[in-house]
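Student:
There are 2 protein chains.
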Amino acid sequence: MKAHIITIGDEILIGQTLNTNAAFIGEKLTNSQIQVSASSVVPDDEEIILKEFKRTLDSNDVVIVTGGLGPTHDDVTRKCVVDFFQTELVENEEVLSDIKKFFESRARILTETNRSQALVPKIAVPIRNRRGTAPGYWIEQKGKIFVCMPGVPHEMKNMMETFVIPKLSGMLERKSHISISNLLSTGIPESNLFDRLGNIDELLQGAKMAFLPSQFGVKIRITVECATEEEANNKLVEIEQKIRAKVGRYIYGKNDDTLEGVIAKLLIDRGLKIAVAESCTGGLINNRLTNVSGSSKFLERGIVAYSNAAKVELLHVDEDTIQKYGAVSMEVARQLAEGVKAISGSDIGLSVTGIMGPTGGTETKPVGLVYIGICDATICTAYEYHFGDDRLLNKDRTSQAALEMLRKNLLGISYED
Amino acid sequence: MKAHIITIGDEILIGQTLNTNAAFIGEKLTNSQIQVSASSVVPDDEEIILKEFKRTLDSNDVVIVTGGLGPTHDDVTRKCVVDFFQTELVENEEVLSDIKKFFESRARILTETNRSQALVPKIAVPIRNRRGTAPGYWIEQKGKIFVCMPGVPHEMKNMMETFVIPKLSGMLERKSHISISNLLSTGIPESNLFDRLGNIDELLQGAKMAFLPSQFGVKIRITVECATEEEANNKLVEIEQKIRAKVGRYIYGKNDDTLEGVIAKLLIDRGLKIAVAESCTGGLINNRLTNVSGSSKFLERGIVAYSNAAKVELLHVDEDTIQKYGAVSMEVARQLAEGVKAISGSDIGLSVTGIMGPTGGTETKPVGLVYIGICDATICTAYEYHFGDDRLLNKDRTSQAALEMLRKNLLGISYED
Numbered sequence: 001m002k003a004h005i006i007t008i009g010d011e012i013l014i015g016q017t018l019n020t021n022a023a024f025i026g027e028k029l030t031n032s033q034i035q036v037s038a039s040s041v042v043p044d045d046e047e048i049i050l051k052e053f054k055r056t057l058d059s060n061d062v063v064i065v066t067g068g069l070g071p072t073h074d075d076v077t078r079k080c081v082v083d084f085f086q087t088e089l090v091e092n093e094e095v096l097s098d099i100k101k102f103f104e105s106r107a108r109i110l111t112e113t114n115r116s117q118a119l120v121p122k123i124a125v126p127i128r129n130r131r132g133t134a135p136g137y138w139i140e141q142k143g144k145i146f147v148c149m150p151g152v153p154h155e156m157k158n159m160m161e162t163f164v165i166p167k168l169s170g171m172l173e174r175k176s177h178i179s180i181s182n183l184l185s186t187g188i189p190e191s192n193l194f195d196r197l198g199n200i201d202e203l204l205q206g207a208k209m210a211f212l213p214s215q216f217g218v219k220i221r222i223t224v225e226c227a228t229e230e231e232a233n234n235k236l237v238e239i240e241q242k243i244r245a246k247v248g249r250y251i252y253g254k255n256d257d258t259l260e261g262v263i264a265k266l267l268i269d270r271g272l273k274i275a276v277a278e279s280c281t282g283g284l285i286n287n288r289l290t291n292v293s294g295s296s297k298f299l300e301r302g303i304v305a306y307s308n309a310a311k312v313e314l315l316h317v318d319e320d321t322i323q324k325y326g327a328v329s330m331e332v333a334r335q336l337a338e339g340v341k342a343i344s345g346s347d348i349g350l351s352v353t354g355i356m357g358p359t360g361g362t363e364t365k366p367v368g369l370v371y372i373g374i375c376d377a378t379i380c381t382a383y384e385y386h387f388g389d390d391r392l393l394n395k396d397r398t399s400q401a402a403l404e405m406l407r408k409n410l411l412g413i414s415y416e417d
Numbered sequence: 001m002k003a004h005i006i007t008i009g010d011e012i013l014i015g016q017t018l019n020t021n022a023a024f025i026g027e028k029l030t031n032s033q034i035q036v037s038a039s040s041v042v043p044d045d046e047e048i049i050l051k052e053f054k055r056t057l058d059s060n061d062v063v064i065v066t067g068g069l070g071p072t073h074d075d076v077t078r079k080c081v082v083d084f085f086q087t088e089l090v091e092n093e094e095v096l097s098d099i100k101k102f103f104e105s106r107a108r109i110l111t112e113t114n115r116s117q118a119l120v121p122k123i124a125v126p127i128r129n130r131r132g133t134a135p136g137y138w139i140e141q142k143g144k145i146f147v148c149m150p151g152v153p154h155e156m157k158n159m160m161e162t163f164v165i166p167k168l169s170g171m172l173e174r175k176s177h178i179s180i181s182n183l184l185s186t187g188i189p190e191s192n193l194f195d196r197l198g199n200i201d202e203l204l205q206g207a208k209m210a211f212l213p214s215q216f217g218v219k220i221r222i223t224v225e226c227a228t229e230e231e232a233n234n235k236l237v238e239i240e241q242k243i244r245a246k247v248g249r250y251i252y253g254k255n256d257d258t259l260e261g262v263i264a265k266l267l268i269d270r271g272l273k274i275a276v277a278e279s280c281t282g283g284l285i286n287n288r289l290t291n292v293s294g295s296s297k298f299l300e301r302g303i304v305a306y307s308n309a310a311k312v313e314l315l316h317v318d319e320d321t322i323q324k325y326g327a328v329s330m331e332v333a334r335q336l337a338e339g340v341k342a343i344s345g346s347d348i349g350l351s352v353t354g355i356m357g358p359t360g361g362t363e364t365k366p367v368g369l370v371y372i373g374i375c376d377a378t379i380c381t382a383y384e385y386h387f388g389d390d391r392l393l394n395k396d397r398t399s400q401a402a403l404e405m406l407r408k409n410l411l412g413i414s415y416e417d
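As they're listed, the protein sequences go chains Y and S. Per the working numbering, the first sequence starts with residue 1, numbered consecutively. Per the working numbering, the second sequence starts with residue 1, numbered consecutively.
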């Protein structure tokens, strides 16, 4: 089954918006054994869109379109679908009912413009939108499948996951099976990871591997193709085990895991509570931990102690220590962790203090210098890190290093390399 | 001048890497008055690449290709260029000298594989690579321009900025000028915005407008094409003024502005300090405010008061009030804002409390219910909001609504719709 992805929208073409939709759809299709033959981006222009529908449907089994389904004048996709399939718009009762409920739940008044979104091409099975108002369309014609979804990422994602992928998967005839796994590492550079894995060909035995680095770590992608699903999965497990044997201490999870999610599970399983005192990350670590549903079970409070006064008043850091070593120091990191543990009555206190840039660096304390402190029932310690000169990347890197220190603490892995 | 952008690479197609190259090139071309007609992504497959070269050159003046120029087996673009233009590879002395210097400067040994990168299609003018080893190609044939660059973003960007854009701009006969502006709105749904703008054609007078919604608000993009730059800019200003006259209170900025950046500027200009007490957003609002460089000028501390104990102990919320109205209530939001203002000695206190989901909702207090409190020198108040059922989107929406309330406070705009 060959698929093409079309993204409609000037904003993508002129570089105002990154095409995250095509990436998401490409990944979901690939994971479902559907080959993505190519993808394209076209402007909000009816003539060009119609040509692209024709060109891509001619040479693919599936065409997936996003964008241009909103309620305003510049949303031309629905009109193009009607023209292309020579069909007409009909009001769909189920969709209208969804739209009405959506507006009721938000205590908003339904306008004519909104109501018009219940008009669906007659030939299409509407795909319900549980996160917005514009429905998607599923059209089957002459053995081809044509899917159309809104461009708003979270609306599209929900439709892909709950409707499109299950339906396509059900239609698939499988001749071989591809299994993919992504191991998530952090705290080790790509080249070191590569060196530690040794002879790659021997390790992979015909499977494929790719390294995808970011400020959060390196994703190791392993792709295995075998005659059956069982065979592919077994081979994948075998390779994974070999990789873990060599660099396992850096691997915090796989696939859709997040570091904060992995930590949340560890904390909840053990009935432990954590509190975080953030200086330079300004709330990012607490934000990440509370992204996990159920975070109130392990996180009771957090402090953004940006100023020295906040460090002293809220977290009982010693004023003389700040005077002597500076707010960005090993000793202050340690006291921040100790303070936040004490005031919250948590089992573990975590802290960060550093210089995120672009300004504020000095000869002895350059931009990118960070101290991370951790304090549990038995030990209170801090470590020094050196990151780069981009403020937002430094915040990400610092939050990741702090959470990774917490993970190592919980699993009894040494902090030292 | 019409251009098409081709990105070559499986990693883009299967969604492991976001296509930032196409976005960058699209933006640079647009800013240089070159129309991007469409863009596409194709796999590392010679047959498909050759077909794509033909298809796109047939209908465009310029085709810009990135990816697949590296030294390893899966980089097939150079071979495709040689085949497509029926030319041959010749060693280019200038390129070879660049490669040698690159390796010398990094104290690395030049291998045969590296040396082979000095082989350039005879028909091409090589584009020097100042950040890596693979040169780009500039090919002119039959009145068409074909440009090929490596996929490594910083290598490609340097070639675009120092060679491709200046050369294309020099060839351009300017018959008209395009100016683009993006107005950033929040707190009003796309459809309401559309309705309030009234007669769009009258408003635009031939210009184009697009709405780009997300959980943070709706971006309004206006595109104007006129004979001269001055004329286009004047018309743009005129349309912007008309839009602002109708929906100006919802517009917090334009183009690359962020809501937190706009607020930071207002706070710094007035010498005001803000403190935020976050319950349901768990640190996100403080994180956004500290993303702005120089945030220590206006933000001194922040509290993530997740538990009732934290609300009472740190922010002096009345325990009886929590008992009577619940932690998610108008009254508690008000007291949180008051408390954080008081303990930090700030000029303004901001607070949020709510139910982000997916669990924790009740009949009377459903998931998505949020109260935002704000307290300044003269007034302490709170408002009720209703968002959706996705935890992370709700955190984004809540942070945006709270920051927007702060902006309105600073500008003396009424909170009521």
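Virtual Cβ for every residue (Gly too), placed ideally from N, Cα, C.
Quick one: using the 10 Å Cβ neighbour count with 16 as the cut-off for buried, is L403(S) buried or exposed?
Tutor: Taking the first residue of the second sequence as position 1, residue 403(S) is located at position 403. So L403(S) ends up on the buried side.
Student: Start and end of the alpha helix (DSSP H) containing T186(Y)?
Tutor: On the first sequence, position 186 is the one that residue 186(Y) refers to. First-last for T186(Y): undefined, no H or E at that position.
Student: Can you list the residues of chain Y that P358(S) reaches, using a CB-CB cut of under 8 Å?
Tutor: As a position in the second sequence, residue 358(S) is number 358, starting the count at 1. Under the 8 Å cutoff, chain Y gives S293.
Student: According to the neighbour-count rule (16 or more other Cβ atoms, all chains shown, within 10 Å of its Cβ), is D376(Y) buried or exposed?
Tutor: Residue numbering aside, residue 376(Y) sits at position 376 when the first sequence is read from its first letter. Buried: at least 16 other Cβ atoms inside 10 Å.
Student: With 8 Å as the threshold, decide whether the Cβ of S185(S) is near any Cβ in chain Y.
Tutor: One-based indexing of the second sequence puts residue 185(S) at position 185. No - not a single Cβ of chain Y is within 8 Å of the one on S185(S).
Student: For a contact defined as C-beta to C-beta under 9 Å, what are the partners of Y306(Y) on chain S?
Tutor: Counting from 1 along the first sequence, the entry for residue 306(Y) is found at position 306. What Y306(Y) touches in chain S: N286, T290, S295, S296, L299, E300, R301, G302.
Student: If we ignore side chains and look at the alpha-carbon of each, how far apart do T228(Y) and V90(Y) end up?
Tutor: What you label residue 228(Y) is simply residue 228 of the first sequence in a count that begins at 1. What you label residue 90(Y) is simply residue 90 of the first sequence in a count that begins at 1. Computed Cα separation, rounded: 44 Å.
Student: Mark Y306(Y) as exposed unless 16 or more other C-beta atoms lie within 10 angstroms of its C-beta, in which case mark it buried.
Tutor: On the first sequence, residue 306(Y) is found 306 positions in, with the first residue counted as 1. So Y306(Y) counts as buried.
Student: Do P341(S) and E300(S) have their C-beta atoms closer together than 8 Å?
Tutor: Counting from 1 along the second sequence, the entry for residue 341(S) is found at position 341. Counting from 1 along the second sequence, the entry for residue 300(S) is found at position 300. For the sequence presented, residue 341(S) should be read as Lys rather than Pro. Going by C-beta atoms, K341(S) is not nearer than 8 Å to E300(S).
Student: When you compare the CB of V152(Y) with every CB in chain S, is at least one pair closer than 8 Å?
Tutor: Here residue 152(Y) is taken as the residue at index 152 of the first sequence, counted from 1. With 8 Å as the cut-off, V152(Y) counts as an interface residue toward chain S.
Student: Assign N255(S) to one of two classes, buried (16 or more other C-beta atoms within 10 Å of its C-beta) or exposed (fewer than that).
Tutor: Residue numbering aside, residue 255(S) sits at position 255 when the second sequence is read from its first letter. By the 10 Å Cβ count, N255(S) comes out exposed.
Student: Please work out which residues of its chain come closer than 8 Å, Cβ to Cβ, to I243(S), disregarding the five sequence neighbours upstream and downstream, and give them in chain order.
Tutor: Looking up residue 243(S) in the second sequence gives position 243. If we look at I243(S) and ignore the five residues flanking it on each side, its Cβ neighbours are L183, L197, L203, I220, I222, I251.
Student: With 9 Å as the limit, tell me which residues of the segment 57-76 of chain Y have their beta carbon closer than that to any beta carbon of chain S; keep them in chain order.
Tutor: Under the 9 Å Cβ criterion, the segment 57-76 of chain Y contributes G70, P71, T72, H73, D74, D75.
Student: Please look up how many angstroms separate the CB atoms of E11(S) and T20(S), rounded, as I've assumed it's under 8 Å.
Tutor: If you number the second sequence from 1, residue 11(S) lands on position 11. If you number the second sequence from 1, residue 20(S) lands on position 20. That belief does not hold up - the Cβ atoms of E11(S) and T20(S) are roughly 12 Å apart, past 8 Å.
Student: Should the segment 28-48 of chain Y be called in touch with the segment 98-114 of chain Y, which here means at least 3 C-beta pairs below 8 Å?
Tutor: The answer is no - the segment 98-114 of chain Y does not touch the segment 28-48 of chain Y, with fewer than three Cβ pairs under 8 Å.
Student: Checking contacts by CB at 8 Å: is T353(Y) closer than that to chain S?
Tutor: Residue mapping note: residue 353(Y) aligns to position 353 of the first sequence, counting from 1. It does not: the Cβ of T353(Y) has no partner Cβ on chain S nearer than 8 Å.
Student: With DSSP collapsed to three states, give me the class of M149(Y).
Tutor: By one-based count along the first sequence, residue 149(Y) stands at place 149. M149(Y): strand per DSSP, three-state reduction.
Student: Decide yes or no for the touch test of the segment 305-321 of chain S against the segment 277-296 of chain S: beta carbon pairs closer than 8 Å, at least 3 of them.
Tutor: Contact holds: three or more Cβ-Cβ distances are below 8 Å.
Student: Distance cutoff 8 Å, beta carbons only. Does T20(S) sit that close to anything in chain Y?
Tutor: For the purposes of this step, residue 20(S) is identified with residue 20 of the second sequence, where counting begins at 1. Yes, its Cβ sits closer than 8 Å to a Cβ of chain Y.
Student: Classify M160(Y) as buried or exposed, calling it buried when 16 or more other Cβ atoms lie within 10 Å of its own Cβ.
Tutor: Counted from its first residue, the first sequence places residue 160(Y) at position 160. M160(Y) comes out buried.
Student: Rounded to the nearest angstrom, what separates I413(Y) and L96(Y) at their Cα positions?
Tutor: Here residue 413(Y) is taken as the residue at index 413 of the first sequence, counted from 1. Here residue 96(Y) is taken as the residue at index 96 of the first sequence, counted from 1. Roughly 55 Å between the two C-alpha positions.
Student: T258(S) and M149(S) - do their beta-carbons sit closer together than 8 Å?
Tutor: As a working note, residue 149(S) is residue 149 in the second sequence. As a working note, residue 258(S) is residue 258 in the second sequence. No.
Student: What does a CB cutoff of less than 7 Å around T87(Y) pick up in its chain, not counting 5 residues either side in sequence?
Tutor: Reading the first sequence from its first residue, position 87 is the one you call residue 87(Y). The answer, listed in chain order, is P121, K122, I123.
Student: Can you look up A245(Y) in the DSSP assignment and give me helix, strand or coil?
Tutor: Reading the first sequence from its first residue, position 245 is the one you call residue 245(Y). In this structure, A245(Y) counts as helix in the three-state DSSP scheme.
Student: Can you name the residues that DSSP bridges to I251(Y)?
Tutor: Taking the first residue of the first sequence as 1, we reach residue 251(Y) at position 251. According to DSSP, which records beta bridges pairwise, I251(Y) is partnered with S185(Y).
Student: Hey, D98(Y) and R78(Y) are a contact pair by Cβ (cut 8 Å); roughly how many whole angstroms apart?
Tutor: As a working note, residue 98(Y) is residue 98 in the first sequence. As a working note, residue 78(Y) is residue 78 in the first sequence. With 8 Å as the limit, D98(Y) and R78(Y) do not qualify as a contact, their Cβ atoms being about 16 Å apart.
Student: Using a cut-off of 8 Å between C-beta atoms, extract the partners of E161(Y) located in chain S.
Tutor: Counting from 1 along the first sequence, the entry for residue 161(Y) is found at position 161. Those do not exist, as E161(Y) stays about 12 Å from chain S at its closest Cβ, beyond 8 Å.
Student: Buried or exposed: where does A245(S) fall if 16 or more other Cβ atoms within 10 Å of its Cβ makes it buried?
Tutor: Taking the first residue of the second sequence as 1, we reach residue 245(S) at position 245. Exposed.
Student: Contact criterion: CB-CB distance below 8 Å. Does V41(Y) meet it with respect to chain S?
Tutor: Indexing the first sequence from 1 puts residue 41(Y) at position 41. V41(Y) counts as touching chain S.
Student: If the criterion is Cβ atoms closer than 8 Å, does the pair G151(S) and G26(S) meet it?
Tutor: Translated into positions along the second sequence, residue 151(S) becomes position 151. Translated into positions along the second sequence, residue 26(S) becomes position 26. No, these two residues do not count as a Cβ contact at 8 Å.
Student: Mind reading off the beta-carbon distance from F298(S) to L267(S)? Whole number of angstroms is fine, and I expect it under 8 Å.
Tutor: Taking the first residue of the second sequence as position 1, residue 298(S) is located at position 298. Taking the first residue of the second sequence as position 1, residue 267(S) is located at position 267. With a Cβ gap of about 4 Å, F298(S) and L267(S) count as contacting.
Student: Would you say E363(S) faces chain Y, with C-beta separation under 8 Å as the test?
Tutor: Against the second sequence, residue 363(S) aligns to sequence position 363. Closer than 8 Å: no.
Student: Compare the Cα-Cα distances from M1(Y) to each of R130(Y), V62(Y), A107(Y) and report the closest residue.
Tutor: In the first sequence, the residue the question calls residue 1(Y) occupies position 1. Cα-wise, what sits closest to M1(Y) is V62(Y).
Student: Distance check for A327(Y) and G368(Y), CA to CA, integer angstroms please.
Tutor: Along the first sequence, one-based indexing puts residue 368(Y) at 368. Along the first sequence, one-based indexing puts residue 327(Y) at 327. Distance between the alpha carbons of G368(Y) and A327(Y): 14 Å.
Student: On the DSSP bridge assignment, give the partners of H4(S) in chain order.
Tutor: Locating residue 4(S) in the second sequence gives position 4, counting from the first residue. According to DSSP, which records beta bridges pairwise, H4(S) is partnered with A38(S), V63(S).
Student: Along chain Y, which residues have their Cβ under 8 Å away from the Cβ of Q205(S)?
Tutor: If you number the second sequence from 1, residue 205(S) lands on position 205. Result: empty, since nearest Cβ-Cβ is about 15 Å, beyond 8 Å.
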